[in-house]
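A.B. asks:
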Amino acid sequence: MIKNKESKRTFIKIFKNKKSNKDLFEFTSYIPKNIIYDDWNNSLPILLKAYEKKLFVLIIGPKGTGKTTLVRKFAEIIKKPLYSINFSLRTKESHLVGSTILEDGSTKFALGIIPKSMQEGALLYLDEINSAEPDVLLRLDEALDDRREIVLKEAGETIIIKAKSDWFVIATINPLSHAGTKELPPQLLSRFPIRIHLDYPPIEIEKRIVKMYINNPIDERQLELAITLANKLREAAKVEDIYYSPSIRETIAFAKLLSSGLDPKLAAEIVFANVYYQWGDIEAKKVRDLIVSLWGE
3 MIKNKESKRT FIKIFKNKKS NKDLFEFTSY IPKNIIYDDW NNSLPILLKA YEKKLFVLII
63 GPKGTGKTTL VRKFAEIIKK PLYSINFSLR TKESHLVGST ILEDGSTKFA LGIIPKSMQE
123 GALLYLDEIN SAEPDVLLRL DEALDDRREI VLKEAGETII IKAKSDWFVI ATINPLSHAG
183 TKELPPQLLS RFPIRIHLDY PPIEIEKRIV KMYINNPIDE RQLELAITLA NKLREAAKVE
243 DIYYSPSIRE TIAFAKLLSS GLDPKLAAEI VFANVYYQWG DIEAKKVRDL IVSLWGE
């Protein structure tokens with residue numbers, strides 16, 4: 003998890019085509035700059051070796067562990083344009099390969115993110131691919147095989163787009179315990195022979211990361227208690243004792259409230275406990291009891 007300062011943040015620009023009255027996706031690339039990343043588990047050297055050998059990478063880990071910022075930092079290091087897409091149930095095959103659009107009174111085929119990144123020899127970042135529908139994954143699998151090409155019949159004629167030799171792909175998945183995730187097909191998993199596990203860092207490292215976001219001095223003991231609470235909740239979520247696992251974003255939010263002068267116990271209740279009321283009073287009480295055990299009555 004990291005703090006980043008980017009000159010450009012747009013991955014997917016959504017615009018309205020007045021002639022067709024239809025929402026379209028225009029994928030744009032950029033080279034990240036000034037990304038601050040604490041590579042506490044030495045993931046960057048692995049990514050560099052994988053890129054050198056042209057071996058695609060799968061990063062596995064829970065939300066809020068810095069997977070996306072790791073990819074952005076890597077793109078900055080290798081000075082490579084980055085295309086990014088976040089997968090969900092709403093991601094369509096046309097987002098990947100392209101679709102026919104109406105422009106200035108005539109139709110044309112607009113390339114999707116896969117062929118565009120192939121032509122450019124860019125870094126393609128596939129975020130949370132295990133949230134996609136099976137038909138979308140099938141089309142993705144086609145592009146990732148050893149031929150590194152994609153056949154487009156959607157354009158009205160058969161077009162074969164072959165990737166430049168320096169085209170590179172990194173994907174991320176969340177654990178199957180996360181809502182909306184599915185097990186990836188074995189053939190798609192095999193397209194990513196380099197696998198990096200990115201979990202929440204040890205307490206001292208998480209403290210260091212959180213303090214990147216805080217301008218004012220804070221009580222380190224209170225921050226340590228908050229991270230201890232977050233870790234207890236993460237462990238409970240792993241075994242499904244509770245419904246939600248807090249990320250480093252929550253410990254950052256706690257630290258910001260603490261730096262504003264808010265009472266630490268109240269800050270913990272606001273950031274960590276109140277979210278559980280969506281599952282009822284009993285779930286929220288479990289977390290409030292943990293807070294009392296750490297901060298007292």
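Residues in the sequence shown are numbered consecutively from 3, following the working numbering. Glycine included, C-beta positions come from ideal geometry on N, C-alpha and C.
#1: List the endpoints of the continuous alpha helix (DSSP H) containing His97.
#2: Among Ile211, Pro117, Ile216 and Ala275, whose alpha-carbon lies nearest the alpha-carbon of Tyr246?
#3: Roughly how far, in whole angstroms, is the beta-carbon of Leu125 from the beta-carbon of Pro83, given that I think they are within contact range, below 8 Å?
#4: Can you find the residues in the same chain that come closer than 7 Å, C-beta to C-beta, to Ser90, ignoring five residues on each side of it along the sequence?
#5: Tell me the residue span of the beta strand (DSSP E) that contains Phe111.
#6: Determine contact between the stretch 167–184 and the stretch 46–66, defined as no fewer than three beta-carbon pairs at a distance below 8 Å.
#7: Measuring alpha carbon to alpha carbon, tell me which of Tyr53, Thr67, Arg74 and Lys51 ends up nearest Pro34.
#8: Considering Cα atoms alone, identify which of Glu208, Asp201, Asp148 and Met214 is closest to Gln189.
#9: Between the Cα of Tyr202 and those of Ile131, Ser249 and His180, spot the shortest distance and give me the residue it belongs to.
#10: Beta-carbon within less than 6 Å of Ile87's beta-carbon, same chain only, minus the 5 sequence neighbours each way: which residues are those?
#11: Report the rounded CA-to-CA distance for Glu271 versus Glu185, giving the unit in angstroms.
#12: Checking contacts by CB at 9 Å: is Tyr246 closer than that to chain B?
#13: Please state if the CB of Gly123 and the CB of Lys345 are separated by a distance shorter than 9 Å.
#14: Taking C-alpha atoms, which residue in Phe256, Gly282 and Leu292 lies nearest to Val273?
#15: Any idea if Val289 is buried or exposed, counting beta-carbon neighbours within 10 angstroms, 16 or more meaning buried?
#16: As a quick exercise: from Ala269, Leu128, Leu46 and Trp281, pick the residue whose alpha carbon is nearest that of Phe194.
#17: Using three-state DSSP, classify Ser86 as helix, strand or coil.
#18: Leaving aside the five residues before and after Tyr279 along the sequence, list all residues of the same chain whose C-beta is less than 8 Å from its C-beta, in chain order.
#19: Out of curiosity, what's the CA-to-CA distance linking Leu235 and Glu159?
C.D. replies: Let me spell this out:
#1: Glu95 to Val99
#2: Ala275
#3: 7 Å
#4: Ser133
#5: Ser108 to Leu113
#6: yes
#7: Arg74
#8: Asp148
#9: Ser249
#10: Ile115
#11: 34 Å
#12: Considering every chain present, this structure includes no chain B. It has just one protein chain.
#13: Residue 345 lies beyond the residue range present for the chain, which begins at 3 and ends at 299; the question has no answer from this structure.
#14: Phe256
#15: buried
#16: Leu128
#17: strand
#18: Glu285 and Ala286
#19: 54 Å
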